[in-house]
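Inspection log for the structure reproduced underneath, given as structure tokens.
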Amino acid sequence: MAGKRKRNKPPYFLTKIYEEHNTSRKLLSLQYVISSLHPSPTQCRCRSGDACLGCGGIRHLVRAEDSSTYKYLVRKSFCILNSSAPEPPKLFHRVGWQQRQIVRHVIEESSMNNVLSSGYDQSICFSSIGETLCTDAWNLLLERIGDHIMIFLLRHSSIFLPLTNKSYQQVTGPILSRIVQGETRKRKWNVVGNKIEKPLHERVINPFCNDNFSSGKISKGGDNSIPKKHTRLFSWYRRRKHKKINQKDPAENEIDRGPIFYKTISYESNFPKQHILNKVKPTNSGATLLMEHIFGKSIKSFQSCINDKSQCTGNSKCMYHHFRSLLKSLIKNAKWCKCRELMLRHCLSSTPVQCSKAKNNYKHPLKSGSKGCSKSLVEISTEKKIEDILLACGSDIDLNECYSSHHQVVSFIWAVIRSIIPSDLLGNSSNMRALTSNISKFISLRRFEKFNIKQCLHGLKISELPFSHFRPFRYWIYWLFSCFIAPVVGTNFYVTERQFGRHQVYYYPKPVWKKMTNNAISKLKEKNYVLYPSWNSAFSKKNFVVSKVRLLPKKNKLRILANAKAPVKIYSRTGSRSFFVKSVNTSLKELHSILRRVQLENPEALGSSVFGYSDVHQKLYQFLIDSKFRSSMNPKVYIVVGDVAKAFDTINQDKLIKVINDIMLKDNYNLRSYMRVLSGKIQARTVKDHVVYDQHNFCNDVFRCEATTRSRSFSGVIIDQGEYKLFRKGGVKDALANHLKGLMLLIGNNLYSQRVGICQGSSISTLLCSFYLGHLERNIILPYLDKIRKKNSNETINADSTSPKNLLMRWTDDFLFISTSKLQATSFFRRMERGFKEYNCEMNKRKFRLNFDAEQSHSIQNCPYIGMDGIQFLPWSGLLINCQTLEVQADYTRYIGIPISSTITVELNDKALSSLKAKLCQYMRPKCHALFYDSRINSSRVVRLNAYQAFLICAMKFHCYVHCIADYVELCSNSLLNIIEPSFSFMYSLIKKQMRKVRANYNISPKLELNHDDVIWLGLSAYIWVLRKKQSRYKELLSLLKSKISTYGRLSNDSDSLQFAVNDSHSSVFQKIRF
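Numbering (the UniProt record's numbering), first residue to last: 1 to 1075.
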């Protein structure tokens, strides 16, 4: 007997949105919502058996002979009735209206809040979404449910049609994006007579004009029939009120680490300008204000003496007066503390990091006792003298290595605390040690980790401090970390990541960072950056766009990173007002949608570009079939790996504009705007975007195509906005030229324009680079290879005179060329080595990698990576390509030299273990692509080796995570095993899912020869290998793992592939990784 069909589960994020908005209805599939509307068969008016929905129910709605399109509609679509929906009609028969007539009728009677009314065209009395509801499947649904139920659904329900990539399109009901955003965010326009006007705060204001509005005045009295603008509070008052409403107890708060990152401003005082210690004075009133700032409402817990002043004198030792005297001392010490000298003593006098890379054993002048300086830096008390010494160092010192270690930063902070905060507020020596340990953990946090009040209080004892209640004690520690330690760090250090440091945080003293940035800015002219003479000249342009820039340390230089996602706040000439300039990516949305359409219509323009492992899988799979590489006689292959030097910074802008103009196949592009409601970890968010459509195509196929071709799949809802715009080819060219030549970069306090190259970090930069290099390939590289093949047509690679085969792939600016002809590979290498002056493109000769001898110069190395097993690999874009068999493995050599702990983010809270369970699956996801496990590309040995190595790196991250949470969570071996085991099944199910996805979306047929037991055995073996190196901590867990693997018997003895996978010689790279 066949089992019951599983009910289609609605997407979690949609269910969550409606639950948060107190909707009493449930989100169900369309067929179940319709079946819930019909009465029992005894109450049906027609009384004619299965002739209507009321009589037949779901059997009448869905039948075996129905088309797959109709079944997909009623089973995969989701529907939810509005909370205000009336009772459904009891009639299920047809009246005689067509589906188009019903949809038009509902559109004309619905309000603008219904999605169905979006894009209503009065000339044709219809909307674009209405066309989606007029297909054959909807016509059949109308026949089954009748006119009345169809009208009821279109009026009083929200229907979501399935697209692809876990995305849906809303076609009826209240607009979901407005539900998520909240109607209170948008202010209504004023209606004056018959004229609609915007509120004053939404009108465009010239940032350089006077404070008075140039528009008309607002009348304060008079006719009550004219609506007036609602009085709005000042912004500072609204912020203060919002802050009070949202203020939480410190026990629930996390320490805000935002103020310590990327702060370039240096202050004359020890704290930021608006800090409370800069505002109060060392008096009774100042101490009282500081006490209220620290303790808030909890100050009442030790103010009992204030209520009865007769029992308390000025010399009393009550808690209130005692604290007030301590805070007076704190304020006084803060005024006179010499933080600069403390920083010199603890952070610059003896740096354990190897700063000096000078020639002839030149010693670092920042070290105490250095012969290169006439004075010790401890004796220098001004920042200017520090800068003079740094200037005298010249190019002999790599300033990128002159960061302070975490130990030095903690030592400096503790010195500041001891010089400012009275010892009575710190406790005895035991409390001081615990506090120092907590500060060290706070400083050692990785970039995206959080620090809560529980971690701040770890090891501290209230009995050793002058607090009678735990609540004030908790407030004091919270203030110490969030309002004292964090501002001190942000004032004295520039805190940032590094290029190859992953999530590790580095602390550069402000004088050192200032010297580094000055050196980088002085070289901007050499990098084709032009300084704007004044801000007025920059903003005189019609459509100016500004992007903030931060500098990222990278080996011996600073890399310029433009933040294209965030808007930029610009101040007026007088500084009295400010305005926001929209972000770069927001201004590029229309252009980005057109370029995506060009990419879809003209894929040849991209040349050999690949945008992910799926593209690599498809091209490599086809090459292996065409060259018969998996036959008994494998031909020898010759591989060339190359990288374009400074690919984004050397693009010729005029050439790029001409390239884009040439590859556009149409003269006009019709844009259609839509909203995307995306699922998030905390809450849903809305994003407005555009899609290019054919002028006569209004169905949802355009949105299905958009959801499929996006670079990243997303779980969300697409909502048609009904807004259209026409872009001509000349307009696209002008928009691209404005982006390339008109984009301004805010570096420091100055604006720069990039004359050569494109902004790296924008939403279209990768696509533009791919089009540019694709044009280079089609015009130079491919014709050159054709010429070489024709010239050497007599060359053969084996006895049957098979013509040589080749494969060219490029991941953005990283080239991979594979050929069965040595002459062809050598010619390709020679041509790439010369560069392409017409495109201002040069290759990075240090990054060339070859698996053969091409008689290249000494500066070019052809050394592949060789493991202990002697197998040669060439690394390319995160992959290791076998030089003999073209088998593919993941490249773990990039982990050499960095600790594994710097690649993870730990959640130190009560849910740390449950978070670890989810993170283990997250760590496995990137290495579960079908490319690594397709038996048509990799042998069964390499397939199992790829799975084993993925578990090895996951086990190392597991150890680092457990080590970080060991002080805060009780760890049990059984619970750790329960966390590890689900990741095995997750990996196997994800591999099968990836295989199905590749088979459905690409013209290939991957083959999986890996069973579930093999995956579990490999996972257990990997964890045992890793945890044995830390066996003193995991004795019980290791015994549990060994007992688990023993249940599989002698599986490895029966499988030669498993023995090959767990052989240490094939995974020798993991012996060099620190964890």
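Yeah, the Cβ is synthetic: ideal placement off N, Cα and C, and Gly gets one too.
This structure is a prediction, so every number in the text was calculated from the model and none was measured.
Whole-angstrom C-beta distance between residue j and residue i, which should lie under 8 Å
i    : j     : result
S118 : I102  : So it is not a contact: roughly 18 Å between Cβ atoms.
Y948 : L1018 : 5 Å
L745 : V549  : 5 Å
F958 : L990  : About 18 Å separates the two Cβ atoms, so there is no contact after all.
V568 : V546  : 4 Å
M150 : L140  : That pair is no contact at about 12 Å.
I780 : Q824  : So it is not a contact: roughly 16 Å between Cβ atoms.
R502 : T905  : Going by Cβ atoms, the distance from R502 to T905 rounds to 10 Å, so no, they are not a contact pair.
S583 : K565  : 6 Å
Beta-ladder partner(s) of residue i, from DSSP
i     : result
P509  : F493
Y865  : F873
G1019 : According to DSSP, G1019 bridges with nothing at all.
H690  : S673
A890  : L879
M809  : L816
V640  : F817 and L850
C79   : L28 and I159
Residue environment, residue i, which counts as buried when at least 16 other CB atoms sit within 10 Å
i     : result
Q1071 : exposed
A890  : buried
Q98   : exposed
R203  : Caution is warranted here: a pLDDT of 31 is assigned to R203, below 50, making its placement in the model unreliable, and the coordinate value is therefore given only provisionally. Flag for R203 reads exposed.
D934  : buried
F126  : buried
I682  : exposed
I896  : exposed
Q653  : buried
W336  : exposed
I17   : buried
A64   : exposed
D813  : buried
Coil, strand or helix - residue i by DSSP
i     : result
I570  : strand
F611  : coil
R257  : coil
D1064 : helix
L28   : strand
F817  : strand
F323  : helix
G716  : strand
P533  : coil
I17   : helix
Q170  : strand
M744  : strand
Y403  : coil
R446  : coil
M112  : coil
L588  : coil
F412  : helix
Nearest neighbour of residue i, chosen from the options [CA to CA]
i     : options                    : result
A562  : K741, N670, G761 and L465  : G761
D147  : P88, P282, C863 and Y18    : P88
L952  : G96, K450, I1073 and H293  : I1073
Y267  : S84, K510, E131 and T69    : K510
L736  : D1064, Y168 and L768       : L768
F451  : E1036, E341, I255 and Y839 : I255
R925  : I979, E970 and K993        : K993
T586  : K688, I276 and K454        : K688
P553  : S753, Y508 and S975        : Y508
V1062 : Y1002, R944 and S578       : R944
M343  : I980, V416, C964 and D66   : V416
V641  : C863, L154 and N1003       : C863
CB contact below 7 Å: residue i versus chain B
i    : result
K733 : No chain B appears in this structure, which consists of one protein chain only.
Proximity test, residue i beta-carbon vs the ligand HEM heavy atom, cut-off 6 Å
i    : result
K791 : Of the ligands one can find in the structure shown there are none, so the ligand HEM has no counterpart to examine.
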